[in-house]
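Just so you know, full-length UniProt numbering puts 38 at position 38 of the sequence shown, and the rest follows in order with no gaps.
Just so it is clear, CB atoms sit at the ideal spot from N, CA and C, and this is done for glycine as well.
Because the structure is a prediction, the values reported are computed rather than measured.
Take a look at the structure set out below.
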Amino acid sequence: MVRESKSPHSTPTFCVRKPNGKWRLVHAYNKLNNATVPAQTPIPRKDVLLNNMDGCELYSALDLVDGYYQILLRESDIPLTAVSTPSGMLWEWLVMPQGLSNAPATFNRLVTQLFRPLRAYAQTYFDDIFVHSRVRDGKTAMEVHLGHRRRVLEVMRANKLYANIDKCVFASPEIKVLGCFVSNVGVRADPEKVKAVAA
């Protein structure tokens, strides 16, 4: 993921504690981001995503683990990502690190393009892939769903994308999507989110 660097560029790096107690590496790419031309990639619309999934019988959700780290950088861009550590070492990223202003758009564009041929039954939102199926052509919802999920996994394998099994949900009648629950009876707000807003 990283290699020692002799780059003329250097960004400070440090760690911050996440709410779960683990540590997150943070890079202050402010100067690089200020010199970056912003990517013009639209964010998927939540209402379109939910409408496409509404009324299906089975759902799976796949969470791409460490999404940005699954994207290799162009060799010419690698020196720009150099980070200095408190120990005085200089390292550069071989994969797309967090903190780059265009990282979310780049990742979303990649996932959207890869899964576009499957959009009839697979919706993507950054590092999440939602598979949805219903009874079709004399097959049960489970048979259809297994076929849909297999095609999604084949695209992932062909492109070396990996899922975090601990965050995945498979063949559920209801699934949580962007603060809502979606099922064959429709879309409803997450009660925890409603409670937080009402408080």
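Collapsing the DSSP output to three states places P104 in a helix.
The beta-bridge partner set that DSSP reports for K139 consists of R136. Q40 sits exposed, since fewer than 16 C-beta atoms from the chains shown fall within 10 Å of its C-beta. Along the segment 52–126, the alpha helix (DSSP H) occurs as fully enclosed runs of 4 or more residues at 103–115, listed in sequence order. Nearest Cα to R116 within the set A103, T140, L49: L49. When only Cα atoms are considered, H27 and D63 end up about 24 Å apart. Rounded to the nearest whole angstrom, the CA to CA distance from V65 to R136 is 31 Å. Approximately 6 Å separates the beta-carbon atoms of A171 and S60; this is inside 8 Å, confirming the contact. Between the alpha carbons of P79 and I43 lies a gap of roughly 29 Å. About 6 Å separates the beta carbons of V131 and Y121, which is inside the 8 Å limit, making them a contact pair.
In this structure, V37 lies away from I71, with their beta-carbon atoms at least 8 Å apart. DSSP, reduced to helix, strand and coil, places I175 within a strand of the structure shown.
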